[in-house]
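The next block holds one structure in the form of structure tokens; read it before the comments.
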Amino acid sequence: MPEQTAPAGRAPRSPHSPRPARADALRNRDHILRVAERAFTEHGVTGSLDAIAKQAGVGAGTLYRHFPTREALLAELLAARDEHLVARREALRDGSVDTGDALHGWLDAVTEWAGTFDGLPEPLRAAASSDSSPLALTCQGFITTTDEFLRAAQRSGRARADVRARDLFLAALATSWVRGAAMADDSSSAALSALSRRGWEAPALP
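For this note's numbering, add 2 to where a residue sits in the sequence shown, where the first one is 1.
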């Protein structure tokens, strides 16, 4: 009997590998994501996952099979919003922007991204210090990109040499938290962003 081969460009499937997800399971997953995005937008990230499952018309077990934790659900929702952030990053990378302004622009983009849902900065902060959170890889990617902009600013003398990318990422999360805080006014996050810049920016040469 001749050996069976997979279609061109596709590796043969192991007899022990899981079968592709059924179409209805994929539909359930996509529907849960849509409902969760609406719920987190309206009520913040601390809302009940069981309530999200109920609104989606599925059992809690179905939701947890797709997204075992709140962080796994958030990681998937944030990944779907990457396109705008990637465009911001590439625009700042093109060399036409001063390296200090590019770093400041990137940190502003991170601040805006971290405010996607009310309460999001806290699980992101926790994930930045964890290897097990589904959001850890997301945070590490942001820290790596922040480090790229920071090193460019340091090489050109626009940022202090003792500043760390992780600290700047956490500062951006703090600024985002202030933006969403009930006691903050419209100028609070801008003021904190300006204070942060004064903290990392190198003194101007005489």
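C-beta atoms are modelled at their ideal positions from N, C-alpha and C, and glycine is treated no differently.
These numbers were taken from a predicted model, which means no experiment stands behind them.
In whole angstroms, what is the alpha-carbon distance linking residue 62 and residue 84?
28 Å
Should residue 192 go down as buried or exposed, given a rule of 16 or more other Cβ atoms within 10 Å for buried?
exposed
Does the separation of the CB atoms of residue 144 and residue 119 fall below 8 Å?
no
Going along the chain, which unbroken runs of the alpha helix (DSSP H) with 4 or more residues stay wholly within the stretch 97 to 178?
101 to 116, 123 to 129, 138 to 157
Strictly by DSSP, which residues pair up with residue 203?
161
Assuming residue 42 is part of the alpha helix (DSSP H), what are its boundary residues?
25 to 45
On the three-state DSSP scale, how would you describe residue 49?
coil
Status (buried if at least 16 other CB within 10 Å, exposed otherwise) for residue 59
exposed
Reduced DSSP secondary structure (H/G/I, E/B, other) of residue 91
helix
Note down the Cα distance separating residue 71 from residue 158, rounded to an integer number of angstroms.
43 Å
Could you check whether the stretch 172 to 182 touches the stretch 109 to 126, counting it as contact only if at least three pairs of C-beta atoms, one from each stretch, sit closer than 8 Å?
yes
What does the Cβ neighbour count give for residue 202, buried or exposed, with the cut at 16 atoms within 10 Å?
buried
From 102, 95, 126, 49, residue whose alpha carbon lies closest to that of residue 168:
126
Cut-off 7 Å between Cβ atoms - residues of its own chain near residue 77, not counting five sequence neighbours on either side:
136, 137, 140
Use the C-beta contact count for residue 123: other C-beta atoms within 10 angstroms, 16 or more gives buried, fewer gives exposed.
buried
Between the beta-carbon of residue 101 and the beta-carbon of residue 154, is there less than 8 Å?
yes
Reducing DSSP to helix, strand and coil, say where residue 60 ends up.
coil
What number of angstroms, rounded off, separates the C-alpha of residue 9 from the C-alpha of residue 163?
Unreliable positioning characterises residue 9 in this predicted model, as indicated by a pLDDT of 35, which lies under 50. The coordinate reading is nonetheless provided below. Taking the straight line joining both Cα atoms gives about 53 Å.
Residue 47 to residue 94 span [Cα, whole Å]:
30 Å
Can you tell me where the alpha helix (DSSP H) holding residue 72 begins and where it ends?
72 to 81
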